Amino acid sequence: MANVIDDATIEYVGILAKLELSDEEREAAKKDMGRMLDYIDQLNELDTSGVEPMSHVLSVRNVFREDVVTNGDGREDTLSNAPEQKEDMFMVPKTFE
Amino acid sequence: MSILDCTAVELSEKIKSGECTAVEAMEAVFERIGEKEEAYHCYITADKDAALKRAGEVQKRIEAGELAGPLAGVPVAVKDNICTKGILTSCASKMLMNFVPPYSAAAVENLERAGAVLIGKANMDEFAMGSTTETSYYGATKNPADPGHVPGGSSGGSAAAVALSECFMALGSDTGGSIRQPASYCGVVGLKPTYGMVSRYGLIAYASSLDQIGPLTKNVADAAYLLEAVSSYDEKDSTSVKEADRDFTSALAEDVRGMRIGVPRDYFGEGLDADVKEAVLAAAGKFKEAGAVVEEFDLGMVEYAVPAYYTIATAEASSNLERFDGIKYGYRTKDFEGLHNMYKKTRSEGFGAEVKRRIMLGSFVLSSGYYDAYYLKALRTKALIKKAFDEAFAKYDLILGPVAPSTAPRLGESLSDPLKMYLGDIYTIAVNLAGLPGISVPCGKDKNGLPIGLQLIGDCFAEKKLIRAAYTYEKLTTAELK
Numbered sequence: 030m031a032n033v034i035d036d037a038t039i040e041y042v043g044i045l046a047k048l049e050l051s052d053e054e055r056e057a058a059k060k061d062m063g064r065m066l067d068y069i070d071q072l073n074e075l076d077t078s079g080v081e082p083m084s085h086v087l088s089v090r091n092v093f094r095e096d097v098v099t100n101g102d103g104r105e106d107t108l109s110n111a112p113e114q115k116e117d118m119f120m121v122p123k124t125f126e
Numbered sequence: 175m176s177i178l179d180c181t182a183v184e185l186s187e188k189i190k191s192g193e194c195t196a197v198e199a200m201e202a203v204f205e206r207i208g209e210k211e212e213a214y215h216c217y218i219t220a221d222k223d224a225a226l227k228r229a230g231e232v233q234k235r236i237e238a239g240e241l242a243g244p245l246a247g248v249p250v251a252v253k254d255n256i257c258t259k260g261i262l263t264s265c266a267s268k269m270l271m272n273f274v275p276p277y278s279a280a281a282v283e284n285l286e287r288a289g290a291v292l293i294g295k296a297n298m299d300e301f302a303m304g305s306t307t308e309t310s311y312y313g314a315t316k317n318p319a320d321p322g323h324v325p326g327g328s329s330g331g332s333a334a335a336v337a338l339s340e341c342f343m344a345l346g347s348d349t350g351g352s353i354r355q356p357a358s359y360c361g362v363v364g365l366k367p368t369y370g371m372v373s374r375y376g377l378i379a380y381a382s383s384l385d386q387i388g389p390l391t392k393n394v395a396d397a398a399y400l401l402e403a404v405s406s407y408d409e410k411d412s413t414s415v416k417e418a419d420r421d422f423t424s425a426l427a428e429d430v431r432g433m434r435i436g437v438p439r440d441y442f443g444e445g446l447d448a449d450v451k452e453a454v455l456a457a458a459g460k461f462k463e464a465g466a467v468v469e470e471f472d473l474g475m476v477e478y479a480v481p482a483y484y485t486i487a488t489a490e491a492s493s494n495l496e497r498f499d500g501i502k503y504g505y506r507t508k509d510f511e512g513l514h515n516m517y518k519k520t521r522s523e524g525f526g527a528e529v530k531r532r533i534m535l536g537s538f539v540l541s542s543g544y545y546d547a548y549y550l551k552a553l554r555t556k557a558l559i560k561k562a563f564d565e566a567f568a569k570y571d572l573i574l575g576p577v578a579p580s581t582a583p584r585l586g587e588s589l590s591d592p593l594k595m596y597l598g599d600i601y602t603i604a605v606n607l608a609g610l611p612g613i614s615v616p617c618g619k620d621k622n623g624l625p626i627g628l629q630l631i632g633d634c635f636a637e638k639k640l641i642r643a644a645y646t647y648e649k650l651t652t653a654e655l656k
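Those protein sequences? They're chains L and W, same order as listed.
Going by the numbering used here, the first residue of the first sequence is number 30, and it counts up by one from there.
Going by the numbering used here, the first residue of the second sequence is number 175, and it counts up by one from there.
Shown next as structure tokens:
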């Protein structure tokens, strides 16, 4: 296949995606991604010069509204989903020494 | 006739006239769930006591005259990526195995306002990524016509629940065909609305520019009523459409005379099953007999939709799924060393193989050095696909074709070859890229008795044309398809 994904690329994508792959997953990912990119490469058959990239089909504009609380205090319900909480706060691992 | 044989609209009429109650309807649904669920597995969550309590409250409000709408009292299933306040919303993922939303999606609030009663949360592919409902962390759903086959996906639980009468109607979501394809495989009606017609507030995002919530129902009339109930302008969704004709049920009329229907030649080429081709072309013939002007044409760009989609959708997914970091909600790994290791281990353990595959591809196509070549190229392709549809809709009211190249595959056959599975989306995916509405209507069965779906595609905001054509077709064929 045309796209050969090497270990360094998978390592780099893993950092971007915040995923840690097992050796087996890593090999599968290299193969899968190479195959998908080969397939996606058929878009190169298309002449898209002068075509603007279209992110939305309908015209999308910024929508503004007043910043008003309408749903009351959901602190308890929100925090109850946290894997770890303490004194009304989300607990996170230490981020710097 | 069992109460379960009623359509949603028929059931609501019976409830309002006092012939039965919302509680009895819910009891009948749970009796059916008790009979079928072990073999078919349509639901991730279905709490009978809570559902009966909700039905009791709605019944009281119907009797008090507070609820009189066309769907009042009707039990509904909701796909598990649509947030329901106080009820587990897992996205069929280990990552959200304990996520109880503190709010409901706008579509769910609209359902409640209409008096529909939530049964539970329908099974799906994990984070709506898949075409078979086999990527669910909670196990696959089975096809109602043959449990050795998949129900399609990603809204497979919703579609199968409708087909098995484990609900009277259901909500699904469609990013690349995820309402229409399972509807086709299960022999029910599925409608993907124009982008922006139904609020995405509370729909857990997969690919935000393509995702849209829509109905899966027993017939076209129910689909029109359910869409009318959930479609609304919502200031909490910045892509919600404000000025639109949402009077969908007024289009339930038997009349396609003079309607111009285009049949793309490029939808009937290599890779299409003979049985599917025959059934869909026979449907085209029905429209002609009924007075529509049906002609073949070349749509173009068909083979480029799948590669463009899997670039755009995975790119958006890689960004949207960044939020699952083990801090605010959902799964967190048990053992870790420091913050970054916690992120990585949480995500690696919490996501399944297909989700990881798409996040990796999406991260790659957005990465420095590849962004222009892949992501922007796909967005330019999308513009060309939209242009091809614009040209088609200058000539035709609707486009008619198959939903999927084949009927439902056997369980276990699809996931080993992802690219092959992706190619099954060839007829549905361009509709999402172009933001168009599309509907799947049953149009026959293959030699093994598996359902075949007919797809009708309309221009943006042409839902009413879609509904009128689908309704007419259904009326013409109901007797012979039974």
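Just so you know, even glycine gets a beta-carbon here, dropped at the ideal spot from N, CA and C.
None of these values were measured; they are calculated from a predicted model.
What's the call for residue i, buried or exposed, on a 16-neighbour Cβ count within 10 Å?
{"i": "M343/W", "result": "buried"}
{"i": "T555/W", "result": "buried"}
{"i": "A466/W", "result": "buried"}
{"i": "N317/W", "result": "buried"}
{"i": "V33/L", "result": "exposed"}
{"i": "M516/W", "result": "buried"}
{"i": "L87/L", "result": "exposed"}
{"i": "Q71/L", "result": "exposed"}
{"i": "L593/W", "result": "exposed"}
{"i": "K59/L", "result": "buried"}
{"i": "S51/L", "result": "exposed"}
{"i": "N606/W", "result": "buried"}
{"i": "E286/W", "result": "buried"}
{"i": "F498/W", "result": "buried"}
{"i": "A242/W", "result": "exposed"}
{"i": "D36/L", "result": "exposed"}
{"i": "F93/L", "result": "exposed"}
{"i": "E637/W", "result": "buried"}
{"i": "E49/L", "result": "buried"}
{"i": "A456/W", "result": "exposed"}
Would residue i and residue j qualify as a contact pair, given that the criterion is a beta-carbon distance under 8 angstroms?
{"i": "N297/W", "j": "S310/W", "result": "yes"}
{"i": "A281/W", "j": "V372/W", "result": "yes"}
{"i": "L390/W", "j": "F422/W", "result": "no"}
{"i": "L178/W", "j": "A202/W", "result": "yes"}
{"i": "I347/W", "j": "N255/W", "result": "As written in the sequence, residue 347/W is Ser, which differs from the Ile given in the question. In contact: S347/W and N255/W (Cβ atoms closer than 8 angstroms)."}
{"i": "E340/W", "j": "R228/W", "result": "no"}
{"i": "F567/W", "j": "D419/W", "result": "no"}
{"i": "A604/W", "j": "S358/W", "result": "no"}
{"i": "G524/W", "j": "K268/W", "result": "yes"}
{"i": "I533/W", "j": "A489/W", "result": "no"}
{"i": "I657/W", "j": "V404/W", "result": "Coverage of chain W is limited to positions 175 through 656, which leaves residue 657/W absent and any answer about it impossible."}
{"i": "Y277/W", "j": "L426/W", "result": "no"}
{"i": "G331/W", "j": "T315/W", "result": "yes"}
{"i": "L45/L", "j": "S541/W", "result": "yes"}
{"i": "L152/W", "j": "L572/W", "result": "This structure cannot speak to residue 152/W, because chain W is shown only from 175 to 656."}
{"i": "P82/L", "j": "L513/W", "result": "no"}
{"i": "Y380/W", "j": "D411/W", "result": "no"}
{"i": "A225/W", "j": "L292/W", "result": "yes"}
Checking the sheet assignment: what are the DSSP bridge partners for residue i?
{"i": "E469/W", "result": "G436/W"}
{"i": "V252/W", "result": "K295/W, L345/W"}
{"i": "I626/W", "result": "G618/W"}
{"i": "T258/W", "result": "I261/W"}
{"i": "H323/W", "result": "R584/W"}
{"i": "N317/W", "result": "D320/W"}
{"i": "Y645/W", "result": "Note: Y645/W sits in no beta bridge, so no partner."}
{"i": "K115/L", "result": "M118/L"}
{"i": "Y217/W", "result": "A296/W"}
{"i": "I631/W", "result": "I573/W, G612/W"}
Can you list the residues of chain C that residue i reaches, using a CB-CB cut of under 7 angstroms?
{"i": "L535/W", "result": "Among the chains of the structure shown, chain C does not appear; the protein chains present are L and W."}
Which runs of the beta strand (DSSP E), 3 residues or longer, sit entirely within the segment 562-600 of chain W?
If we require 3 residues or more, the beta strand (DSSP E) runs fully inside the segment 562-600 of chain W come out as 572-576.
Touching or not, the segment 427-440 of chain W and the segment 392-400 of chain W, by the rule of three or more beta carbon pairs under 8 angstroms?
With a cut-off of 8 angstroms, the segment 392-400 of chain W and the segment 427-440 of chain W do not count as touching, because too few Cβ pairs lie within range.
At 4 residues or longer, and completely inside the segment 354-412 of chain W: list those alpha helix (DSSP H) runs for me, N to C.
Here the runs fully enclosed are 354-360, 394-404.
Is the number of C-beta pairs between the segment 464-475 of chain W and the segment 556-564 of chain W that are closer than 8 angstroms three or more?
Segments in contact, yes.
Which parts of the segment 462-534 of chain W are runs of the beta strand (DSSP E), unbroken and 3 residues or longer, counting only runs that do not cross its ends?
Those beta strand (DSSP E) runs which fall completely within the segment 462-534 of chain W and span 3+ residues are 467-471.
Do the segment 503-511 of chain W and the segment 543-551 of chain W make contact, defined as three or more Cβ pairs closer than 8 angstroms?
No: fewer than three Cβ pairs fall under 8 angstroms.
Take every Cβ of the segment 625-632 of chain W, pair it with every Cβ of the segment 407-417 of chain W, and state whether three or more of those distances are shorter than 8 angstroms.
When Cβ pairs closer than 8 angstroms are counted between the two stretches, the segment 625-632 of chain W is seen not to touch the segment 407-417 of chain W, the count staying below three.
Taking 8 angstroms as the cut-off, does the segment 183-199 of chain W touch the segment 245-265 of chain W (at least 3 CB pairs, one atom from each stretch)?
Touching, yes, given that three or more Cβ pairs across the two stretches are closer than 8 angstroms.
How about the segment 215-231 of chain W and the segment 107-118 of chain L: do they share at least three Cβ pairs that are nearer than 8 angstroms?
Note that the segment 215-231 of chain W does not touch the segment 107-118 of chain L; fewer than 3 beta-carbon pairs, one per stretch, sit closer than 8 angstroms.
Cβ pair count under 8 angstroms reaching 3, the segment 367-387 of chain W against the segment 72-92 of chain L
The answer is yes - the segment 72-92 of chain L touches the segment 367-387 of chain W, with three or more Cβ pairs under 8 angstroms.
Segment contact, 8 angstroms Cβ cut-off, at least three pairs: the segment 607-624 of chain W with the segment 446-453 of chain W:
At 8 angstroms Cβ cutoff, the stretches touch.
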